[in-house]
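For reference, the structure is listed below as C-alpha cells.
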Amino acid sequence: MSEVPQVKDAKTEQKRFVDKGPMVVFDAKTNTYWMKKDSWQDKGKFLNWHESREFANNKNARKVGGFSDWRLPTADEAQSLYDPSLVNAGKGGAQLHIDVIFPEGAFKSIWLAGDTSTRRPRFDCSDGKVVSVDEYSFGAVRLCRKELNRSEKEKRRN
73 MSEVPQVKDA
83 KTEQKRFVDK
93 GPMVVFDAKT
103 NTYWMKKDSW
113 QDKGKFLNWH
123 ESREFANNKN
133 ARKVGGFSDW
143 RLPTADEAQS
153 LYDPSLVNAG
163 KGGAQLHIDV
173 IFPEGAFKSI
183 WLAGDTSTRR
193 PRFDCSDGKV
203 VSVDEYSFGA
213 VRLCRKELNR
223 SEKEKRRN
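Under the working numbering, think of the first position of the sequence shown as 73, with each following residue one higher.
Structure, rendered in C-alpha cells:
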C-alpha cells in the first residue's frame with residue numbers, strides 16, 4: 073500500500089513570525105511583538121542597561137509601530153526567540169540563532185528586564201544563555217511588547 077501524503081490545513085501552516093511593517097515583527101506563538109531591529113542596528117552604537125531603558129522610553133513617546141508600551145524583554149521572552157537550528161548573521165560575523173525575519177547585523181547580546189543591584193541580565197543570541205553583567209557594560213536591546221488576551225486584559229482592569 074502506498075501512503076497518501078497528508079494535506080495540511082492552512083491554519084496549521086501559519087508562520088510563527090509575522091512581518092508587521094518596517095519596524096515590527098509579531099510572534100504568533102507567544103503573542104509578543106518585537107522590534108525588527110535591535111538598538112545597535114537602529115542607532116549604530118552600543119547602549120548600557122540604563123540607556124536601553126531610555127531607548128524604550130523614546131520609542132514609546134514616538135509610538136513606534138502604533139504602540140506606546142515597548143519594554144526590555146524578560147529572560148523567558150528573549151529565550152523564546154532562540155532556536156539552535158536557525159542561523160542569522162550578526163554583527164562582526166557572529167552566528168545568532170534567531171529567525172531570519174529579523175535583519176542581519178544585530179548585536180549578539182540583548183539587555184533584559186531585571187534588577188540585581190549593579191548587575192543586569194543580558195541574553196546571548198549566539199549561545200542561548202542569560203548572564204549577569206555590569207549595568208554600564210555595552211550591549212544592545214531588542215524591545216518587545218505583549219499582546220494581552222481577553223482574560224489578561226480583564227485581570228489588569230480589576
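Backbone N, C-alpha and C define an ideal beta-carbon position, used for all residues, glycine too.
As the structure is a prediction and not an experimental result, all values here were calculated from the model.
So what does DSSP say about residue i, is it helix, strand or coil?
| i | result |
| --- | --- |
| F89 | strand |
| N129 | helix |
| K218 | strand |
| V136 | helix |
| S204 | strand |
| W106 | strand |
| L144 | coil |
| D99 | strand |
| E149 | helix |
| D187 | coil |
Taking its Cβ as the centre, do 16 or more other Cβ atoms sit within 10 Å of residue i, making it buried, or is it exposed?
| i | result |
| --- | --- |
| E123 | buried |
| Y208 | exposed |
| V172 | exposed |
| R217 | buried |
| K135 | exposed |
| S157 | exposed |
| P193 | buried |
| A100 | exposed |
| N160 | buried |
| L220 | exposed |
| D155 | exposed |
| D206 | exposed |
When the distance is taken between beta carbons, is residue j closer than 8 Å to residue i?
| i | j | result |
| --- | --- | --- |
| V203 | D110 | no |
| L144 | W183 | yes |
| F174 | K108 | yes |
| F236 | K163 | Residue 236 is absent from the model: the chain starts at 73 and stops at 230. |
| L215 | K92 | no |
DSSP has residue i in a bridge; who is on the other side?
| i | result |
| --- | --- |
| L168 | N160 |
| I182 | F195, A212 |
| L119 | G211 |
Cβ contact check for the stretch 149-164 and the stretch 129-140: 3 or more pairs under 8 Å: no
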